[in-house]
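Line by line, the protein sequences are chains D and Y. Take the first sequence: its position 351, counted from the start at 1, is 479 in the numbering used here, and no numbers get skipped. Take the second sequence: its position 43, counted from the start at 1, is 174 in the numbering used here, and no numbers get skipped.
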Amino acid sequence: LADCLAHVPLAGATLLSWFGLGSIVSARLRVDDPLLDILNRLGIGAITFALLTFTAGWARLLYPAAYIPVFAATALVGATVAARGRRPLRPSRLGCWRWWELCLLGLLVAYVALDVLAVCAPISSPDALLYHAANPALFEQAHRIFEVPWNSSSYEPFSVEMLVLDGFLLWDSVQGAFAPLLLALVTLVAVMGFADRVAGRSAALLAGAIFFAQPFMVWEATSVFIESGLALAAGLSAWNLYRFARFHEPSGLVLAGIFAGGAAGMKYLGLIIALTVAAVAVVLASRRLTYRNALAFAVPALAVALPWYVKNALLTGNPFYPHVFGGLNASAAGELRHAMRSFGHGHSPLDFLLVPARLLGDAKAFDAGEFLSPLFVVFAPVALLYYRRDKRVLALWGGVLLYVAAWFVTTQQARFLVPLMPVLAVLAALGALALASQGRLGRVLAVAGTAAALAVGLAASAVYAAQFAPVVFGTESQDEFLREKVSNYEGVEWLNRNLGPQDRVATDVWALLYLQVPYTTFGTMGDLLPFNAGPQSTRSFVARQGVTHIAILDGDGDRRRQVGYLHVRLIAKVPVRSVQSRTRADFGPRHDMLVYAISQKR
Amino acid sequence: MRISGGFARETSGPRAAAAAGRAADEGPRRRRIRPAYALAVMWVVIGLGLYTFEMLNLVGVFG
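Here it is as structure tokens:
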């Protein structure tokens, strides 16, 4: 608990440092909306920190002694700028609020508390253990960024992971895990701010609750995922674009470009976001579509995103490795393709039409889609019905459909819909309020449906977050917690106890964040050593990687066959188990992790 | 009802929506608004029904 109490103020200081750096970098980019101006500075500060960390990583400067002075100085600047704010925000007095608005505010506060509880626990999300947090941990230990060829996901643009790495440099992995949560919280303010501007306080609170008060977002914001960053970039890009379209502010277009590029610098998925924003911009600003305006959007977008694509071009010869133009070995490419298409219910036109209904009633196939709030899909289309003559709403909906179509044909994971949520939350709030104002039945449906969905969501979120309470409050040790929450953690403990810094283990377990021994893997999908590789390839893999030990699960027949090509000695069988569901404490059957020592003689 | 731009909250929000709703019940606009309302109600009922089904399924799994 003491650690948690220290992490929270440091997270606050992180926000100040983003704000400070953003204020310095974007001194001439102002919009005439004080809240959006603050959010722009925060967002630009975060993007700038990510790019600075990226540069420092390739310059071998990833030391706390280098980072912390920059952090402290920018936080100081942020605090000073905030204190001297010329146009302070004036929140209205709570006494004037209606009771249900107070309930929504209370709900949001409760969700922030649940999120802080969940993020203060040791990292246990499988993707984070594999690369979102594991790679920053490697970079921090090596004081530099380097290529991680065993995981093709590590070639994705990594801006959010750079912010996670900043948390490692500031303190530890939990501090790193705060970065995506901070991005989610800034997005929440952006959602509420935009909804407030277009429809007032009630819409703001409702949009905020729809966006943030859902179990899916608790999981998303506290598991070191990066989609909260995409949501922020998409939301701020949309809001700045709105400023340009509505108030003819040229800086709005530049800022929309910066955040579109920021999205493209967070994940390849962000490229789709950037292109979608560009398409909406073309529609909204069709009368002012000049070369100058096109460049005002495109140049900053390219400048912000380009470093990641240049890096990949230099490392692999392919800026979009491995998703476009290939580069993976045949079996890994096939596995990646299969994995991406394994989500959802199908890819036919009928399946596309059924997406909304399935997101509501049969969403498990979308990878945890059952924990999505139904309010987006239920009420956002209502806004379309009521505002169908408003060009801006139509353009927004066009952008939503464009993005959903891209999502549908690539990989139908619910997580990748998060970037749409800021826009959909505002539309859903407008739809719900419009419906509630149009008749008794509409009011009953809007109020009862929203209240029921929020209540169910709160219950599920509380159950999810409660699993982290014992370790955060100190009634459970970190090792006990990790044994319960991390697949094959007993095997990792054994390797940490019995191998040393002079060893190098090749493994197929995913809990790499907690592996303290130098390691490599065969590749998440056999990227480095295909499953069908023969004796020669296996031996050259071991020699090339300097592998001294191999740790594999006994059920992995392909790897066991390949181990048979080597001169090895079985030194341990460690009982391990996989975790099927952390929340339900659902475990897979017991297995053995087989540990082999590789003999020096051939 | 239209989404206002900028800070003109007095012309937006639920009060404006209610005003627009009242206006919609009067005169020639009545026929244009009602299908939207009926469609919205139908979609919300279907949507909430589907979600209820999903949640019951989920609880069944937990059980």
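Here a beta-carbon is modelled for each residue, glycine too, at the ideal position from N, C-alpha and C.
Please classify Ala-458 of chain D as buried or exposed, where buried requires at least 16 neighbouring CB atoms within 10 angstroms. exposed
List, from N- to C-terminal side, the beta strand (DSSP E) runs of 3 residues or more that fit wholly inside the region 661-718 of chain D. 677-681 and 696-709
At 7 Å on the CB atoms, spell out the chain D contacts of Leu-187 of chain Y, in chain order. Those within 7 Å of Leu-187 of chain Y in chain D number zero; the least Cβ separation is about 10 Å.
Cα-Cα separation between Ser-135 of chain Y and Ala-327 of chain D, rounded to whole angstroms: No answer about Ser-135 of chain Y holds up, because its pLDDT of 38 lies below 50 and its placement is not dependable.
Does any residue of chain D have a CB that is nearer than 8 Å to the CB of Gly-178 of chain Y? yes
State yes or no: is the beta carbon of Gly-602 of chain D nearer than 8 Å to at least one beta carbon in chain Y? no
Does the region 321-341 of chain D come into contact with the region 222-239 of chain D, if we say contact requires no fewer than three beta-carbon pairs (one atom in each stretch) closer than 8 Å? yes
Can you tell me whether DSSP reads Val-633 of chain D as helix, strand or coil? strand
Which residue's Cα is closest to the Cα of Val-438 of chain D: D:Val-702, D:Phe-286 and D:Asp-479? D:Phe-286
My understanding is that Val-234 of chain D touches Ser-151 of chain D, with C-beta atoms under 8 Å, so please give their C-beta distance in whole angstroms. One detail in the question is off: residue 234 of chain D reads as Gly in this sequence, not Val. That belief does not hold up - the Cβ atoms of Gly-234 of chain D and Ser-151 of chain D are roughly 32 Å apart, past 8 Å.
On the DSSP bridge list, what partners appear for Leu-722 of chain D? D:Ile-680 and D:Lys-701
Report, in whole angstroms, the separation of the C-beta atoms of His-677 of chain D and Val-704 of chain D, which I expect to be a contact under 8 Å. In fact, because the Cβ distance is near 16 Å, the residues do not count as touching under 8 Å.
In three-state terms, what does DSSP make of Thr-649 of chain D? strand
The region 528-539 of chain D contacting the region 462-479 of chain D, beta-carbon criterion three pairs below 8 Å: yes
With distance defined between alpha-carbon atoms, name the residue in D:Phe-372, D:Leu-488, D:Leu-399 and D:Leu-412 nearest to Leu-157 of chain D. D:Phe-372
Can you name the residues of chain Y whose CB is closer than 9 Å to the CB of Ala-698 of chain D? Before going further, note that residue 698 of chain D is Leu rather than Ala in the sequence given. Near Leu-698 of chain D there are no residues of chain Y at all, since even the closest Cβ is about 39 Å away, more than 9 Å.
Does the count of Cβ pairs from the region 404-421 of chain D and the region 234-249 of chain D closer than 8 Å reach three? no
Euclidean distance between Cα positions of Tyr-449 of chain D and Ser-280 of chain D: 8 Å
With distances taken Cα to Cα, identify the nearest neighbour of Thr-183 of chain Y among D:Ser-365, D:Leu-582, D:Val-620 and D:Asp-655. D:Leu-582
Chain-ordered residues of the region 562-575 of chain D with a beta carbon less than 9 Å from chain Y: Ala-562, Leu-563, Ala-564, Ser-565, Gln-566, Gly-567, Leu-569, Gly-570, Leu-573 and Ala-574
Could you have a look at Gly-455 of chain D and say whether DSSP puts it in helix, strand or coil? coil
Using a threshold of 8 Å, state whether the C-beta atoms of Ala-542 of chain D and Gly-497 of chain D are closer than that. yes
Is His-466 of chain D helix, strand or coil by DSSP? helix
Between which two residues does the alpha helix (DSSP H) containing Glu-377 of chain D stretch? Taken as a continuous stretch (DSSP letters only), Glu-377 of chain D belongs to no alpha helix (DSSP H), as it is neither H nor E.
Could you tell me whether any Cβ in chain D is nearer than 8 Å to the Cβ of Trp-174 of chain Y? yes
Name the chain Y residues that come within less than 7 Å of Glu-498 of chain D, Cβ to Cβ? Glu-185 and Leu-189
Do Thr-578 of chain D and Leu-503 of chain D count as a contact pair if the criterion is CB distance below 8 Å? yes
Let me know if Arg-160 of chain Y comes out buried or exposed under the rule of 16 or more other beta-carbons within 10 Å of its beta-carbon. Legend: pLDDT at Arg-160 of chain Y = 48, less than 50; position of this residue unreliable, no value from coordinates given.
Run the CB neighbour count on Arg-153 of chain Y, radius 10 Å, all protein chains shown included, and call it buried at 16 or more, exposed below. For Arg-153 of chain Y, the predicted structure reports a pLDDT of 41, less than 50, and the residue's modelled location is therefore unreliable. The matter cannot be settled from this model.
Is the Cβ-Cβ distance between Ile-251 of chain D and Leu-641 of chain D less than 8 Å? yes
Measure the alpha-carbon distance for Pro-598 of chain D versus Leu-187 of chain Y and round it to whole angstroms. 29 Å
Would you kindly check if the distance between the Cβ of Val-427 of chain D and the Cβ of Gly-385 of chain D is under 8 Å? yes
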